[in-house]
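In my numbering, the protein residues as written are 5 to 365.
Each remark here refers to the structure printed beneath this line.
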Amino acid sequence: MLTEKLYKKALDFVPLNKDEGLALFTQAPIEELMFLADRIRLLHVPGNSAGWMIDRNVNITNICFSQCSFCNFCRKKGATDAYITTTEEYKRKIDELFDLGGDQLLLQGGMNPDLGLDFYKDLFRTLKSLYPTLKLHALGPPEIVYLASKERTTYHDVLSQLINAGLDSLPGAGAEILSDRVRKIVSPAKATADEWIEVMRVAHRLNLPTSATMMYGHIETIEERVEHLIRLRDLQDEKPDGSYGFITFIPWPFQDEGTVLRSRDNIRSSYNGPDYIRIIAISRIILNNIKNIQASVLTVGKDIGMLSLHAGANDLGSIMIEENVVSAAGSSNRFSAGELQSMIKEAGFIPVRRNQKYEPL
Ligand code: SF4
């Protein structure tokens with residue numbers, strides 16, 4: 005049978021091509037995919053542990069020219085509720101983070117046309133001088149593309165300057181679906197698929213730790229989901245030996261509440277639990293060179309998060325003290341450190357707190 009041949013190939017770490025990935029996605033029974041993905045997870049991450057972490061999302065600004073149609077967070081310049089976070093607000097939020105035992109900020113936000121490279125360098129330097137042990141997981145490929153264009157320089161130069169200013173790792177934000185057909189519809193002003201890939205290629209050459217993501221469940225096809233995964237795997241294959249590359253892959257579903265995609269185009273999120281579990285399992289199977297697969301409990305909630313740990317995921321992410329982009333579009337899941345650990349235990353795993361590089365603490 006085709007699927008059995010593909011199971012063997014996947015277990016032998018032979019990369020699956022697009023047709024093979026598609027065949028598994030559309031034909032394999034979910035319980036077989038989960039079993040296979042769990043066996044592959046054990047080859048990457050032996051044992052019975054699952055990771056979690058404490059970090060805090062702070063949005064640098066909510067002003068963004070991109071106006072992606074799936075985003076209910078961005079504001080136009082001049083909007084009454086537009087903001088740029090002040091140093092005093094950062095200090096209050098970082099103090100709270102440190103009080104809870106975390107040391108990492110996930111800094112994201114809009115592409116504000118008034119903010120250039122110097123703004124981000126000054127921000128990183130200020131935060132690092134105030135909190136020398138703070139880790140900055142900040143921006144994402146679309147911002148790097150935007151800053152390189154604004155400053156008329158290269159991705160390499162922008163990333164190097166940001167690393168010198170204190171950037172510790174680059175989130176895989178803005179990947180959505182790495183297909184320009186999709187991007188032209190949902191985020192036409194943002195980086196193209198090739199640009200997103202190229203920024204990550206440069207980041208890997210600079211040995212900057214990165215993550216990979218997928219925001220699915222809107223207008224993409226199953227084929228485009230599979231292509232997305234294969235593009236990530238192929239890029240990871242290119243990373244220099246010893247470079248961090250993609251440390252993890254995190255898929256999450258489109259949250260439709262209040263979005264233009266829903267109100268204007270009548271596109272609802274296609275999210276359902278079994279589909280998410282299938283995506284987690286397929287991700288583990290196709291991404292044979294990315295060690296960690298993280299389930300997004302923030303968007304899928306407790307039950308599907310727990311089940312993901314039996315479908316190839318080895319991590320439930322962060323308690324995420326503050327998150328505005330996904331929650332603005334309807335996600336209401338929130339978990340304390342205790343709840344996240346209980347969830348991992350209830351799923352039959354041992355919770356291991358980790359840092360951004362997935363090193364146990
Ligand atoms: S998703 Fe990001 S880039 Fe797109 S409009 Fe929202 S803040 Fe801007």
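Note that CB positions come from ideal geometry on N, CA and C, so glycine has one too.
| Item | Value |
| --- | --- |
| Less than 8 angstroms between the CB atoms is what I'm expecting for K22 and E231, so what's the real figure, rounded? | 6 angstroms |
| Just the C-alpha distance for V162 and T263, rounded to the nearest angstrom, thanks. | 31 angstroms |
| Where does S164 sit, in a helix, a strand or coil, going by DSSP? | helix |
| Are E199 and P145 touching if we call contact CB-CB under 8 angstroms? | yes |
| Is F353 near the ligand SF4, with its Cβ less than 7 angstroms from a heavy atom? | no |
| Sort A54, I67 and Q71 by Cα distance to A317 and report the nearest one. | A54 |
| Taking C-alpha atoms, which residue in Y248, M218 and K80 lies nearest to V186? | M218 |
| For T158, tell me which candidate among V203, L182 and T130 has the shortest Cα-Cα distance. | V203 |
| Are the stretch 104–120 and the stretch 58–78 touching by the rule of at least three beta carbon pairs closer than 8 angstroms? | yes |
| I297 bridges to which residues according to DSSP? | F253 |
| Around the C-beta of M5, are 16 or more other C-beta atoms found within 10 angstroms, so that it is buried, or is it exposed? | exposed |
| For the beta strand (DSSP E) that M369 lies in, which residues bound it at each end? | Given a span of 5 to 365 for the chain in the structure shown, any question on residue 369 remains unanswerable. |
| Following a CB-centred definition, is P146 positioned closer than 7 angstroms to any heavy atom of the ligand SF4? | yes |
| Hey, I325 and E100: beta-carbon distance below 8 angstroms or not? | yes |
| When the Cα of N359 is compared with those of M347, E343 and L320, which residue comes out closest? | L320 |
| Classify V190 as buried or exposed, calling it buried when 16 or more other Cβ atoms lie within 10 Å of its own Cβ. | buried |
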